[in-house]
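When we follow UniProt numbering, the leftmost residue of the sequence shown carries the number 1, and every step to the right adds one. Glycine is no exception: its CB is placed at the ideal position from the N, C-alpha and C atoms.
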Amino acid sequence: MPYEVKGVVALSKGAPVTIETVIVPDPGPGEAVVDVQACGVCHTDLHYREGGINDEFPFLLGHEAAGVVSAVGEGVTNVAVGDYVVLNWRAVCGECRACAAGKPWYCFNTHNAAQKMTLADGTELSPALGIGAFVEKTLVHSGQCTKVDPAAPPTAAGLLGCGVMAGVGAAINTGGVTRGNSVAVFGCGGVGDAAIAGSKLAGATTIIAVDIDDRKLEWARGMGATHTVNSKETDPVEAIKGLTGGFGVDVAIDAVGHPAVYEQAFYSRDLAGTVVLVGVPNPTMEVTLPMIEVFGRGGALKSSWYGDCLPSRDFPMLIDLYLQGRFDLDAFVSETIPLDAVEQAFQKMHDGEVLRSVVVFDK
């Protein structure tokens, strides 16, 4: 029979979120119900609340989550009841042209649950990124469940579901950062700091953090930045060149998603270097670059969507590195909060007071 649980819902554009009764159906074919144990508060959830993704209100927010599978539908073989999982929004189809080309991390037809969760009056909810995890139980496609080692606490493991994976993947998967490289990361929030941590993990020897907030730059040092640049006080392009023998970095990562920042990243890279855009711009933004510079500098201009990750490959690997003490996921957790503190967490995130607030469900 359906489950009646409490969840965080954005009922209309820009309105404060509210705690609502959510009806979660029994899982159908290919679906799973997950008891959520922890879920990070991500900028994407705020974008949904502000109508920056689409206008399919009401939204059931939350997507950076870990928990335990409590029920599965017909035909589910990849997970079973009792499995500890991190939820992902790239449940690859295995059939689209990207999957057929052997590049499932670009899957163009990812799976979501076929059934809808609803409010108590029957109003259908749009789950954030097809997950909706600011809720005691959520319904997802079984492919959105990635099994990981249960020794990792859900407060840490759940962060792989979006922001941390986006940043780490931007450095390693998209940017191809490797040992001995120089890297500049613009924007030192959760995604940018994850790109810094990923660059360190990959063996980069010069990692330059760029931000306008000295507090965030200090956080970046803790994640592995070897140098910091306050771009409100210093020209970041000149500073980066000064730290790299006048050449620029091998990989420049824009974790902000703003035209001015992207231009700084473009000019701060070495010849044949790579620019990676992982920060999400708004639809009105445009960037203008001289074509002769695009041609003459060579290299690559790339976008990184979800860190070009393959959850079944990357999540267990990063959890193993965490348990070995080589990748500090706990450092991203600024605070743990109850479900009814999400609105306040949005404000703290907006004000730059936290890397991640994490909702913890008291079981």
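Neighbourhood of residue i by C-beta distance below 6 Å, restricted to the same chain and skipping five residues each side
i: Ala156; result: Leu329, Asp330
i: Phe247; result: Asp270
i: Asn109; result: Cys93, Cys96
i: Asp106; result: Note that residue 106 corresponds to Tyr in the displayed sequence, not to Asp. Taken in chain order, the residues that qualify are Ala98.
i: Gly67; result: Val34, Asp35, Val36, Gln37
i: Pro259; result: Met285, Val287
i: Gly163; result: Cys42, Gly190, Val191
i: Ile53; result: His47
Own chain residues within Cβ distance below 7 Å of residue i, not counting five before or after
i: Ala133; result: Val36, Cys39, Gly62, His63, Ala65, Leu87
i: Thr178; result: Ala202, Gly203
i: Thr228; result: Ala209, Leu217, Ala220, Arg221
i: Gly273; result: Gly248, Val249, Asp250, Val251, Ala252, Gly299
i: Asp214; result: Asn230
i: Leu11; result: Thr18, Phe57, Pro58
i: Ala345; result: Val41, Ile337, Ser357
i: Val5; result: Val22, Val24, Val135, Glu136, Lys137
Rounded straight-line distance, which links the Cα of residue j to that of residue i
i: Arg297; j: Val191; result: 27 Å
i: Leu201; j: Ile253; result: 16 Å
i: Pro27; j: His141; result: 9 Å
i: Thr226; j: Pro25; result: 50 Å
i: Pro2; j: Thr288; result: 52 Å
i: Thr284; j: Phe57; result: 22 Å
i: Gly75; j: Asn112; result: 15 Å
i: Gly257; j: Tyr322; result: 28 Å
i: Ile337; j: Val358; result: 6 Å
i: Thr205; j: Gly7; result: 44 Å
i: Pro236; j: Ser199; result: 19 Å
i: Gly325; j: Phe315; result: 15 Å
i: residue 375; j: Ser304; result: For residue 375 there is no data in the structure shown, the boundaries of the chain being 1 and 363.
i: Ala170; j: Ile240; result: 19 Å
i: Gly180; j: Gln347; result: 39 Å
i: Glu238; j: Thr244; result: 10 Å
i: Arg49; j: Cys42; result: 11 Å
i: Phe332; j: Glu353; result: 12 Å
i: Asp211; j: Val85; result: 34 Å
i: Ile207; j: Val275; result: 14 Å
i: Met117; j: Tyr262; result: 39 Å
i: Glu335; j: Lys232; result: 28 Å
i: Gly301; j: Asp83; result: The sequence shown places Leu at residue 301, rather than the Gly named in the question. Approximately 39 Å, taken between the alpha carbons.
i: Val360; j: Glu343; result: 15 Å
i: Asp55; j: Gly158; result: 26 Å
i: Leu355; j: Met223; result: 12 Å
i: Pro281; j: Thr234; result: 24 Å
i: Thr123; j: Pro153; result: 34 Å
i: Ser268; j: Met349; result: 28 Å
i: Gly176; j: Asp362; result: 40 Å
i: Val294; j: His47; result: 31 Å
Nearest-angstrom beta carbon gap, residue j and residue i [assumed within contact, 8 Å]
i: Leu160; j: Leu277; result: That pair is no contact at about 21 Å.
i: Ala71; j: Ala32; result: 7 Å
i: Trp89; j: Gly130; result: 5 Å
i: Thr146; j: Ser312; result: 6 Å
i: residue 420; j: Asp149; result: Because residue 420 is not part of the residues shown, which for the chain are 1 to 363, the question remains open.
i: Gly307; j: Met165; result: 5 Å
i: Leu60; j: Ala128; result: 7 Å
Residue i burial status per 10 Å Cβ neighbour count (16 or more: buried)
i: Gln264; result: buried
i: Lys13; result: exposed
i: Asp193; result: buried
i: Gln144; result: buried
i: Ala151; result: exposed
i: Phe266; result: buried
i: Val168; result: buried
i: Asn173; result: buried
i: Ile292; result: exposed
i: Asp45; result: buried
i: Met77; result: The amino acid at residue 77 is misidentified as Met; the sequence shows Thr. With fewer than 16 Cβ atoms within 10 Å of its Cβ, Thr77 is classed as exposed.
i: Asp340; result: exposed
i: Glu136; result: buried
i: Gly102; result: exposed
i: Pro290; result: exposed
i: Phe327; result: buried
Contact set for residue i: own chain, Cβ-Cβ below 8 Å, skip 5 residues either direction
i: Ala80; result: Val69, Val72
i: Leu119; result: Val9, Glu20, Thr21, Val22, Ile23, Pro58, Leu125
i: Ala255; result: Gly167, Ala170, Val185, Phe186, Gly187, Cys188, Gly189, Val191, Gly192, Ala195, Val278, Gly279
i: Pro104; result: Val92, Gly94, Ala98, Leu310
beta-carbon residue i near the ligand COA non-hydrogen atom, thresh 7 Å
i: Gly7; result: As far as ligands go, the structure on display features none, and thus does not contain the ligand COA.
Could I get the ranges of all uninterrupted beta strand (DSSP E) runs contained in the segment 201-241, with 3 residues as the minimum, in chain order?
Annotation: the segment 201-241 contains the following complete segments of the beta strand (DSSP E) (minimum length 3 residues), in chain order: 206-211, 227-230.
As an exercise, report each continuous alpha helix (DSSP H) stretch of at least 4 residues that is fully enclosed by the UniProt domain "Cytochrome c" (25-139), in chain order.
Fully enclosed alpha helix (DSSP H) runs of 4 or longer: 43-49, 97-100.
Along the chain, which unbroken stretches of the alpha helix (DSSP H) at least 4 residues long are found entirely within the segment 150-186?
The qualifying runs are 154-157, 163-169.
Only counting runs of 4 or more residues, tell me where the alpha helix (DSSP H) segments fall wholly within the segment 264-321, in order along the chain.
Every alpha helix (DSSP H) of 4 residues or more that sits fully in the segment 264-321 is shown, in chain order, as 291-297.
In the segment 336-361, which residue ranges form an unbroken alpha helix (DSSP H) of at least 4 residues, counting only runs that do not cross its ends?
The segment 336-361 contains these whole alpha helix (DSSP H) runs: 342-350.
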